[in-house]
Amino acid sequence: MITIQDIQQKTIADLFEQYPFLPGFFEENTLEVDGQINEKLDDFLNILDDEEEKENRAMDKAQVMESMAEYITQMLAFLGEDEDEGVNSITLLPGTNKSGEKEEFEELTINKSEIVCIVGPTGSGKSRLLADIEWVAQNDTPTSRTILVNGEEGDKKWRVTSGHKLVAQLSQNMNFVMDLSVYEFIELHAQSRLVEDVEGVIQKIFEQANNLAGEKFSLDTPITSLSGGQSRALMIADTAILSKSPIILIDEIENAGIDRKKALELLVGEEKIVLMATHDPILALMGDRRIVIKNGGIHKVIDTSGDEQNLLSELERMDNVIQNMRTRLRHGEIIRQEDIGF
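Going by the working numbering, the sequence shown opens with residue 3, and the numbers climb by one from there.
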């Protein structure tokens, strides 16, 4: 909750930089800044001490500042950017599996910039786990799990407010239907977030997406003509940089046709909690931990060991050979035994 004390001693320039949507409030209330941009708000609003101004506006200085503080609070809530509400961790407390048996862990805390993989057979309950996290379950879902945010009972805002989405999902299939170019798509999202440097954000997302994609594309490319891998690369970059959701779930990124390692590094670098459902042993070992789902419940939580991390290097080497073979086959080359190198 923003208060008058939070804003009154700041300059208008600083307020506009901190809250890019605030000029709209000044325009709606016919507060013309002109050459007073570097004045403190408290000093600037001294114009309202004039009796004629008070009468015209039907508000005095204190009322304008109170209205402004409320406007900022509501806009931050709408955008999902409450200044005092960062998500640094989520904690899972056990519920039951499909047989009604207690899940086989005591407590699991996942911190910001951490990658946790979710593994298990198809239909084992991976989607239910995500739904519990997204709903901030409080022993009120079929699994009876409890989800804590920053170690405390989750605020109801995560359930009912569209501006506060705890989980952003990147599904396997990403098909665009809008008739927009890549540039227009990113621009639309950036503007909806009231980003100050729209052009800078567009360029950053575009560069990161092309860094992930196997095949490059341009800002003028229609999003409807992007390949599956290009679409996924664009959405991962867009989600990492523009999404306010603190938790990202990626479903089977191994089928995306993108640089998987770079994608994870980008998401973690943007201080997201990354949950990744995967059947790929390389991705599973890239995680800090992995949750094993069985019969609708969490069967095990396994920390990635040093031996597994050493094995990961060998698996990545083998994977690079296979990816190289795939590229060569696509270009019509002949594969020979000596090219494999296993």
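Ideal placement from N, C-alpha and C gives every residue a C-beta, glycine not left out.
By the criterion of a C-beta distance shorter than 7 Å, Ile39 is surrounded in its chain by Ile14 and Ala15, once the five residues flanking it on both sides are discounted.
Here the alpha carbons of Arg328 and Ile337 stand approximately 10 Å from one another. Residue pairing from DSSP places Leu94 in a beta bridge opposite Leu110 and Ile149.
By the Cβ-count criterion, His191 is buried, with 16 or more other Cβ atoms from all chains shown falling within 10 Å of its own Cβ. Burial check for Gly298: the Cβ neighbour count within 10 Å reaches 16 or more, so the residue is buried. Between Ile249 and Ile92, the beta carbon gap of about 7 Å places them in contact (Cβ cut-off 8 Å). The three-state reading of DSSP puts Gly299 in strand, counting E and B together. The three-state secondary structure of Met67, taken from DSSP, is helix. DSSP places Ala170 within a strand segment (E or B) once states are collapsed to three.
Listed as beta-bridge partners of Ser183 by DSSP are Pro224. A Cβ-Cβ separation of about 5 Å places Asp134 in contact with Thr143 under the 8 Å criterion.
In this structure, the alpha-carbon of Asp51 lies about 7 Å from that of Asp62. Judged by DSSP in its simplified three-state form, Arg234 adopts helix.
Taking C-beta atoms as the reference points, Arg147 and Gly97 count as a pair closer than 7 Å. In the DSSP assignment, Met320 falls within the alpha helix (DSSP H) that extends over Gly308 to Arg332. Under the three-state reduction of DSSP, Asp44 is assigned to helix. In the DSSP annotation of this structure, the continuous segment of the beta strand (DSSP E) that includes Asp253 starts and ends at Ile249 to Asp253.
A distance of 7 Å or more separates the beta carbons of Ile4 and Ala64. Per DSSP, the continuous beta strand (DSSP E) segment holding Leu277 begins and ends at Ile275 to Ala279. Going by DSSP, Ile207 is part of the alpha helix (DSSP H) stretching over Val200 to Leu214. If you look at Ile337, you'll find it isn't in any beta strand (DSSP E); DSSP assigns it neither H nor E.
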